[in-house]
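Residue numbers (the numbering used here), protein chains in the order written: chain A, 1 to 628; chain B, 629 to 862. Using N, Cα and C, we set each Cβ at its ideal position, and we do this for glycine too. Computed from a predicted structure; not experimentally measured.
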Amino acid sequence: MAFYVVQFLTGLASAASLFLVASGLSIIFGVTRIVNFAHGAFYMLGAYIAFTLTEQFSGALGFWGGIVVAAAIVALAGVLVEIVLLRRIYHSPELFQLLATFGLTLMVEDLVVLIWGPDDLLGRRAPGFKGAIDFFGQNIPSYDLFLIVLGPVVLAILWLLFQRTRWGILVRAATQDRDMVAALGVNQKWLFTSVFAVGVFLAALGGALQIPRDAVHHAMDLRVIVEVFVVVVIGGLGSIVGAFVAAVLVSELNAFGILIFPKISIILVFLVMAVVLIIRPWGLFGKAEAPARRTPGLTVNPWRPLTSGERLAALAALAVAAALPLVGGNYALTVGAEIAIFVIFAASLHFLMSVGGLASFGHAAYFGLGAYGVAFLAKMAGLPMILCLLLGPLLGCVGAAVFGFFAVQLSGVYFAMLTLAFAQIVWSIAFQWVAVTGGDNGILGLWPESWAASPSHFYWLSLGIAAASVIALRIAIFSPFGYALRATRDSLLRSEAVGIDAKRIQWTAFVIAGTVAGVAGALFAYLKGSVFPDNLGISLSVDALVMVLLGGVETVSGPVIGAIVYKALNIWLVSQTDLSKLVLGAFIVVIVVVFPKGIVGMLEAFTQRRRPSSAKSSLVTSPIESAE
Amino acid sequence: MKLSVQDLNSFYGPAHILFDIALEVGEGEVVALLGRNGAGKSTTFRSIVGLVEQRSGRIEFEGRDVSNKPTHEIVRDGLGYVPEERRIFTDLTVEENLEVGRQPKRPNAPHWTREKLFDLFPNLSEMRNRPGGRMSGGEQQMLTIARTLMGNPSLVLLDEPSEGLSPKIVEQMVDAILTMKKEGVSIVVSEQNLHFARLISDRAYIIERGRICFGGTMSELDARPDVRDAHLSL
Numbered sequence: 001m002a003f004y005v006v007q008f009l010t011g012l013a014s015a016a017s018l019f020l021v022a023s024g025l026s027i028i029f030g031v032t033r034i035v036n037f038a039h040g041a042f043y044m045l046g047a048y049i050a051f052t053l054t055e056q057f058s059g060a061l062g063f064w065g066g067i068v069v070a071a072a073i074v075a076l077a078g079v080l081v082e083i084v085l086l087r088r089i090y091h092s093p094e095l096f097q098l099l100a101t102f103g104l105t106l107m108v109e110d111l112v113v114l115i116w117g118p119d120d121l122l123g124r125r126a127p128g129f130k131g132a133i134d135f136f137g138q139n140i141p142s143y144d145l146f147l148i149v150l151g152p153v154v155l156a157i158l159w160l161l162f163q164r165t166r167w168g169i170l171v172r173a174a175t176q177d178r179d180m181v182a183a184l185g186v187n188q189k190w191l192f193t194s195v196f197a198v199g200v201f202l203a204a205l206g207g208a209l210q211i212p213r214d215a216v217h218h219a220m221d222l223r224v225i226v227e228v229f230v231v232v233v234i235g236g237l238g239s240i241v242g243a244f245v246a247a248v249l250v251s252e253l254n255a256f257g258i259l260i261f262p263k264i265s266i267i268l269v270f271l272v273m274a275v276v277l278i279i280r281p282w283g284l285f286g287k288a289e290a291p292a293r294r295t296p297g298l299t300v301n302p303w304r305p306l307t308s309g310e311r312l313a314a315l316a317a318l319a320v321a322a323a324l325p326l327v328g329g330n331y332a333l334t335v336g337a338e339i340a341i342f343v344i345f346a347a348s349l350h351f352l353m354s355v356g357g358l359a360s361f362g363h364a365a366y367f368g369l370g371a372y373g374v375a376f377l378a379k380m381a382g383l384p385m386i387l388c389l390l391l392g393p394l395l396g397c398v399g400a401a402v403f404g405f406f407a408v409q410l411s412g413v414y415f416a417m418l419t420l421a422f423a424q425i426v427w428s429i430a431f432q433w434v435a436v437t438g439g440d441n442g443i444l445g446l447w448p449e450s451w452a453a454s455p456s457h458f459y460w461l462s463l464g465i466a467a468a469s470v471i472a473l474r475i476a477i478f479s480p481f482g483y484a485l486r487a488t489r490d491s492l493l494r495s496e497a498v499g500i501d502a503k504r505i506q507w508t509a510f511v512i513a514g515t516v517a518g519v520a521g522a523l524f525a526y527l528k529g530s531v532f533p534d535n536l537g538i539s540l541s542v543d544a545l546v547m548v549l550l551g552g553v554e555t556v557s558g559p560v561i562g563a564i565v566y567k568a569l570n571i572w573l574v575s576q577t578d579l580s581k582l583v584l585g586a587f588i589v590v591i592v593v594v595f596p597k598g599i600v601g602m603l604e605a606f607t608q609r610r611r612p613s614s615a616k617s618s619l620v621t622s623p624i625e626s627a628e
Numbered sequence: 629m630k631l632s633v634q635d636l637n638s639f640y641g642p643a644h645i646l647f648d649i650a651l652e653v654g655e656g657e658v659v660a661l662l663g664r665n666g667a668g669k670s671t672t673f674r675s676i677v678g679l680v681e682q683r684s685g686r687i688e689f690e691g692r693d694v695s696n697k698p699t700h701e702i703v704r705d706g707l708g709y710v711p712e713e714r715r716i717f718t719d720l721t722v723e724e725n726l727e728v729g730r731q732p733k734r735p736n737a738p739h740w741t742r743e744k745l746f747d748l749f750p751n752l753s754e755m756r757n758r759p760g761g762r763m764s765g766g767e768q769q770m771l772t773i774a775r776t777l778m779g780n781p782s783l784v785l786l787d788e789p790s791e792g793l794s795p796k797i798v799e800q801m802v803d804a805i806l807t808m809k810k811e812g813v814s815i816v817v818s819e820q821n822l823h824f825a826r827l828i829s830d831r832a833y834i835i836e837r838g839r840i841c842f843g844g845t846m847s848e849l850d851a852r853p854d855v856r857d858a859h860l861s862l
């Protein structure tokens, strides 16, 4: 019995940090409508800076002062980020905001390694809370008790701040109607900045307070952001009480999940989240949000199938690509095959994101599931390669069917957070369930059979499948199903009013996208000869997003161009620098802020401008004499 | 001149909404902006306070050009705005709604306190801690006006204050607007209801399809039944 009580208290102590970070994310979202992906990075920075400060300053004052000063320093950095970056993208679609803040996260990850090195750092114990308290033979660290008290105290302080101060009242008013607050003489800009500072302070404090409990390391940002996304999805974005309740719930599930499913404790959290989403899609304490902003995909230039001339050009390009083995060596062919595989992957995400308006932040899950599917079939069942390639992607299909069912219940940022959480859960299973997946060591020795083994043959195989996948997806886009999917993207209500079963259409699109991603993953497994948890990792998901974005979210052919350019650039970059995350992160931020239309979008805009008598320009100049 | 608008043109995307709007409001005056639904009354107000981004023309408030200022600065200069849709903060209580509108005292404008506003709108004083979402339409309308007055404006743009209210509440609204005028607040009030406008206004403009097509005193308007019938009759 005492053991369970101690386990419960440990869960409560973990909840404190989680609550701090989640409440910060919630507060920022409430006012600015930005889901701050970089929140995990601020949490991590808080921990690193607190580590340095508490090492520098001695005594109790040095420790506690160091923690608070660290949080304040990070909050200042947050203010800088808000003024320099976020103010430029408040009116951008949600996807762009998520990507820009993710780009920041990548940059911070490299920066902390640059400054503090790659090794785990063990911080000082908290003065006054070094010991443990005996509870019927079980030990409870006294610092845990401090955290257990701290959580509700912070909740109370936040409550007072929001209920009893003018600032809090303004923030709550702005959460509901920003323009009206401005129309009453309040400077929104500084209100936003101050809200962001408070949110970041909470995240950094959450990180700083972890140093006596946990090692400080450069992957703690992603771990916490996934947990925080789960917390806000369960608790409801924008609700501080919800963040508290859900933080406790998730921490307790983690604490006790270890006892029930020692290897895959995260399953329990997933199950609870699924149940909450079915009963209350907006979280326990959240409110249904009107779809305020439209997702990208609203083109000024209507989509159309390729003209016969363009078809010939595409075919010619394919023929040129197929001629690569005549000139390229083995390395070029391997890179070529990898690019072809990523064209499939990017095209599958594009189908979901640009056609369906559903920006998935965890698309790599289905890519990786396809790869693991092949690995299981080849290594355990010993099936031939052709069968593996045909059946392996089915694992991606099944995964997409299960997770997609829950994900399409939501939209916008909730959808993005949920898909990310699902992907991370799949990753954790692959990572933790060593007996089946090999864990971190992966599954090795997956080589293509002799008919596809030579680099040129494998390249042709990849290129052929890529061409077939892209053509199939294009046919789907311009089929009645594709029209229905675009209708749900452009207006959910209107599409339902004309008899489209929106959720079913979106779910189908999710399954199609997941299956095609699984095809890419299956090929990838054979290309690399091995499968690792990284194949379903978050950075791969973001690679796909960047490819689609780089090509042009609002275009049909964007993902193909985006995948080719990005993958080639990426492979080159990794060979050139150790700071690839820093460069990549900066690259993402620049695209979002400066080139939101992407390569193909810019080309289209350029050709539009060269046609002077387009219908669009006459629309802009002619006055329409209707009011309001 | 309290407020002077010249050559105001406004657009929503490609749509041209307002055409060369010109209007003037004198110190302490109540001016009605009359017109049918969709004539451009609300857009005129939204353009004056900077909520319509695509606009051109000159807007002078108390002799200073405010046409390039952001909304919150225009409002802080003492130009209050009460939107048509009321836009009460439904999660906030009556007192909290008033707090959002609070601005420092201004030398050239009457100073409103919470208690003074509760005298002006006695209904509100009985529900100080009620969330805005649980109030009737009339009570919400009173709260929006009170909330704007908390900013101590010297001029208020009132967008259709009588819309959708019961006759009894409209009577209270007339009293409140006349009290505001007596205190020295200049008012521009947009209306479809000529009867209501006549009770409170010194002068009137008529707007139709985004253009001002009449400007004059109320008696001048009464002398022109043709104008009234062409642009206002239902």
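Determine contact between the stretch 157-169 of chain A and the stretch 253-261 of chain A, defined as no fewer than three beta-carbon pairs at a distance below 8 Å.
No: fewer than three Cβ pairs fall under 8 Å.
Quick check on this structure: which residue in A:406, A:542 and A:321 has the alpha carbon closest to the alpha carbon of residue 466 of chain A?
What you label residue 466 of chain A is simply residue 466 of the first sequence in a count that begins at 1. The alpha carbon of residue 466 of chain A has as its nearest neighbour, out of A:406, A:542 and A:321, the alpha carbon of A:321.
With three or more C-beta pairs closer than 8 Å as the rule, is the stretch 120-138 of chain A touching the stretch 201-216 of chain A?
Touching, yes, given that three or more Cβ pairs across the two stretches are closer than 8 Å.
Which same chain residues end up closer than 6 Å to residue 827 of chain B when comparing Cβ atoms and leaving out the 5 residues on each side of it in sequence?
Your numbering for residue 827 of chain B matches position 199 in the second sequence. Answer for residue 827 of chain B: 802, listed in chain order.
Min CB distance residue 138 of chain A to chain B below 8 Å
Locating residue 138 of chain A in the first sequence gives position 138, counting from the first residue. No, residue 138 of chain A does not count as interfacial toward chain B.
According to DSSP, simplified to helix, strand and coil, what is residue 488 of chain A?
Residue mapping note: residue 488 of chain A aligns to position 488 of the first sequence, counting from 1. Reduced to three states, the DSSP call for residue 488 of chain A is helix.
List, in order along the chain, the chain B residues whose C-beta lies closer than 8 Å to that of residue 169 of chain A?
Mapped onto the first sequence, residue 169 of chain A falls at position 169. Those within 8 Å of residue 169 of chain A in chain B are 720, 724, 727 and 728.
Is residue 46 of chain A closer than 8 Å to residue 204 of chain A when the C-beta atoms are compared?
Reading the first sequence from its first residue, position 204 is the one you call residue 204 of chain A. Reading the first sequence from its first residue, position 46 is the one you call residue 46 of chain A. Going by C-beta atoms, residue 204 of chain A is nearer than 8 Å to residue 46 of chain A.
Looking at the C-beta of residue 119 of chain A, does it have a partner C-beta in chain B at a distance below 8 Å?
For this step, residue 119 of chain A is matched to residue 119 along the first sequence. In terms of beta-carbon proximity, residue 119 of chain A stays away from the interface with chain B, with every pair separated by 8 Å or more.
Runs of alpha helix (DSSP H) lying entirely within the stretch 398-453 of chain A, each at least 4 residues, in chain order:
Those alpha helix (DSSP H) runs which fall completely within the stretch 398-453 of chain A and span 4+ residues are 412-432, 434-437 and 450-453.
Report the start-end ranges of each beta strand (DSSP E) in the stretch 357-391 of chain A that is 3 residues or longer and not cut off at the edges.
Runs found: none.
DSSP bridge partner residues for residue 88 of chain A (one or two, in chain order)
The sequence position of residue 88 of chain A within the first sequence is 88, counting from 1. Paired residues: none, contrary to the question.
Distance CB(residue 284 of chain A)-CB(residue 245 of chain A) smaller than 8 Å:
The sequence position of residue 284 of chain A within the first sequence is 284, counting from 1. The sequence position of residue 245 of chain A within the first sequence is 245, counting from 1. Going by C-beta atoms, residue 284 of chain A is nearer than 8 Å to residue 245 of chain A.
Suppose you measure from the CA of residue 654 of chain B to the CA of residue 723 of chain B; what does that come to, to the nearest Å?
On the second sequence, position 26 is the one that residue 654 of chain B refers to. On the second sequence, position 95 is the one that residue 723 of chain B refers to. Taking the straight line joining both Cα atoms gives about 32 Å.
Residue 183 of chain A at chain B interface by Cβ criterion, 8 Å:
Looking up residue 183 of chain A in the first sequence gives position 183. Taking 8 Å as the threshold, the shortest C-beta distance from residue 183 of chain A to chain B falls below it.
Since residue 516 of chain A and residue 354 of chain A are thought to touch, with beta carbons under 8 Å apart, how far apart are those beta carbons, to the nearest angstrom?
For the purposes of this step, residue 516 of chain A is taken as the residue at position 516 of the first sequence. For the purposes of this step, residue 354 of chain A is taken as the residue at position 354 of the first sequence. Cβ atoms of residue 516 of chain A and residue 354 of chain A stay farther apart than 8 Å, at about 14 Å.
Would you call the stretch 852-859 of chain B in contact with the stretch 681-688 of chain B, where contact means no fewer than 3 C-beta pairs closer than 8 Å?
At 8 Å Cβ cutoff, the stretches do not touch.
Sheet register partners of residue 661 of chain B (DSSP bridge):
Here residue 661 of chain B is taken as the residue at index 33 of the second sequence, counted from 1. Residue 661 of chain B pairs with B:818 and B:833.
Beta carbons nearer than 7 Å to chain A: which residues of the stretch 672-687 of chain B have them?
Answer set for the stretch 672-687 of chain B: 677 and 679.
Relative to chain A, which residues along the stretch 738-759 of chain B have a C-beta separation below 7 Å, given in chain order?
Hits within the stretch: zero.
Going by Cα to Cα distance, which pick from A:385, A:438 and A:472 is closest to residue 522 of chain A?
Start at 1 with the first residue of the first sequence, and residue 522 of chain A comes out as number 522. Ranking the options by Cα distance to residue 522 of chain A, first place goes to A:385.
Using the C-alpha atoms, what's the distance from residue 28 of chain A back to residue 195 of chain A?
Stepping through the first sequence from its first residue, residue 195 of chain A is reached at position 195. Stepping through the first sequence from its first residue, residue 28 of chain A is reached at position 28. Taking the CA atoms as reference points, residue 195 of chain A sits about 6 Å from residue 28 of chain A.
Restricting to runs no shorter than 4 residues, where is the alpha helix (DSSP H) found entirely within the stretch 202-272 of chain A?
Taking only runs of at least 4 residues, the alpha helix (DSSP H) segments lying wholly in the stretch 202-272 of chain A are 220-235 and 240-260.
Looking at chain B, is there any beta carbon in it that lies within less than 8 Å of the beta carbon of residue 280 of chain A?
Here residue 280 of chain A corresponds to residue number 280 of the first sequence, with the count starting at 1. Cβ-Cβ to chain B under 8 Å: no for residue 280 of chain A.
Endpoints, the beta strand (DSSP E) within which residue 288 of chain A is located:
Taking the first sequence and counting its residues from 1, one reaches residue 288 of chain A at position 288. Residue 288 of chain A: not part of any beta strand (DSSP E); DSSP gives it neither H nor E.
I think residue 184 of chain A touches residue 703 of chain B, with their Cβ atoms under 8 Å apart; what is that distance to the nearest whole Å?
Your numbering for residue 184 of chain A matches position 184 in the first sequence. Your numbering for residue 703 of chain B matches position 75 in the second sequence. 6 Å between Cβ atoms; contact.
Under 7 Å Cβ to Cβ from residue 118 of chain A, same chain only, skipping five residues before and after it: list those, please.
In the first sequence, the residue the question calls residue 118 of chain A occupies position 118. The answer, listed in chain order, is 218.
DSSP state of residue 682 of chain B, grouped into three classes?
Locating residue 682 of chain B in the second sequence gives position 54, where the first residue counts as 1. Residue 682 of chain B sits in coil when the DSSP states are folded into three classes, being neither helix nor strand.
Inter-residue spacing [alpha-carbon to alpha-carbon] between residue 664 of chain B and residue 772 of chain B
Residue mapping note: residue 664 of chain B aligns to position 36 of the second sequence, counting from 1. Residue mapping note: residue 772 of chain B aligns to position 144 of the second sequence, counting from 1. Roughly 23 Å between the two C-alpha positions.
Can you tell which of A:609, A:510, A:340 and A:327 has its C-alpha closest to the C-alpha of residue 565 of chain A?
Counting from 1 along the first sequence, the entry for residue 565 of chain A is found at position 565. In terms of Cα proximity to residue 565 of chain A, the closest of A:609, A:510, A:340 and A:327 is A:340.
Could you compute how far the alpha carbon of residue 374 of chain A sits from the alpha carbon of residue 528 of chain A?
Walking along the first sequence from the start, residue 374 of chain A turns up at place 374. Walking along the first sequence from the start, residue 528 of chain A turns up at place 528. One C-alpha to the other measures close to 12 Å.
Would you mind telling me which residues of chain B sit closer than 8 Å to residue 172 of chain A, beta carbon to beta carbon, in chain order?
Mapped onto the first sequence, residue 172 of chain A falls at position 172. Within chain B, the residues 717, 719, 720 and 724 have their CB atoms less than 8 Å from the CB of residue 172 of chain A, given in chain order.
At a CB-CB cut-off below 8 Å, which residues of chain B make contact with residue 535 of chain A?
For this step, residue 535 of chain A is matched to residue 535 along the first sequence. Those within 8 Å of residue 535 of chain A in chain B number zero; the least Cβ separation is about 45 Å.
Residue 186 of chain A touches chain B at which residues, Cβ-Cβ below 8 Å?
As a first step, residue 186 of chain A is located in the first sequence; it is residue number 186 there, counting from the start. Neighbours of residue 186 of chain A on chain B, chain order: 700 and 728.
Can you list, in chain order, the residues of its chain whose CB lies under 6 Å from that of residue 350 of chain A, leaving out five sequence neighbours each side?
Locating residue 350 of chain A in the first sequence gives position 350, where the first residue counts as 1. 548 and 559.
When you compare the stretch 218-230 of chain A with the stretch 410-427 of chain A, are there three or more beta-carbon pairs, one atom per stretch, that lie closer than 8 Å?
With three or more CB-CB distances shorter than 8 Å, the stretch 218-230 of chain A counts as touching the stretch 410-427 of chain A.
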